[in-house]
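Chemist: Quick one: this structure, given as structure tokens, is what I'll be asking you about.
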């Protein structure tokens, strides 16, 4: 028996005395950067374009463990939680947006800004557009009406303005329409 035929046979099982054959859900195995191994349902894993590309376009066997070196286990747990709920609600279809919004509100409720930033990097790496959009909006909501120093610290941006540039930024009206006379 060839490898694809063996794989196909391994995902089928007998279902009761009627002899009907039902497919078992396929599992995809990934290993995070910190060495944890996760078994993902195919339906959830295929929400992640990076994983989808690895297995579908590169024609790699599902038995291969995919390395996710840029993802830590705690991050993948959050991604799996979100994608699983998203798939569940998408399949259910009724009240999708209302239930998704309620889930999203609860999902980010206790997350720190640093956690959101980490998840945005993971969502980008795994290419989960709807998750990335959601996380970026949560970050934007968090930094809304915050002062510049807080945002710089959060994103790790160094202030490289000179004192003169800072003065211009703080009171731009004081530097408008000035004559450029040379003495």
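Residue numbers (the numbering used here): 116 to 298. Glycine included, each C-beta is placed from N, C-alpha and C at the ideal position.
Is the beta carbon of residue 152 sitting closer than 8 angstroms to the one on residue 202?
Modeler: The answer is no: Cβ separation not under 8 angstroms.
Chemist: Kindly list the residues whose CB is nearer than 7 angstroms to the CB of residue 239, restricted to its own chain and excluding five residues on each side of it in sequence; keep chain order.
Modeler: 247.
Chemist: Confirm, please, whether the CB-CB distance from residue 211 to residue 200 is below 8 angstroms.
Modeler: No; because the gap between Cβ atoms is not below 8 angstroms, this pair is not in contact.
Chemist: Could you check the C-alpha separation between residue 280 and residue 175 for me, to the nearest Å?
Modeler: Approximately 55 angstroms between the Cα atoms of the pair.
Chemist: For residue 175, does the three-state DSSP call read helix, strand or coil?
Modeler: Coil, per DSSP.
Chemist: Taking all protein chains shown into account, do 16 or more other C-beta atoms lie within 10 angstroms of the C-beta of residue 180, making it buried, or fewer, making it exposed?
Modeler: With fewer than 16 Cβ atoms within 10 Å of its Cβ, residue 180 is classed as exposed.
Chemist: Is the stretch 217-234 touching the stretch 247-261, taking contact as three or more C-beta pairs under 8 angstroms?
Modeler: Yes, the stretch 217-234 touches the stretch 247-261.
Chemist: Whole angstroms is fine: what's the gap from residue 188's alpha carbon to residue 146's?
Modeler: So the two alpha carbons sit approximately 9 angstroms from each other.
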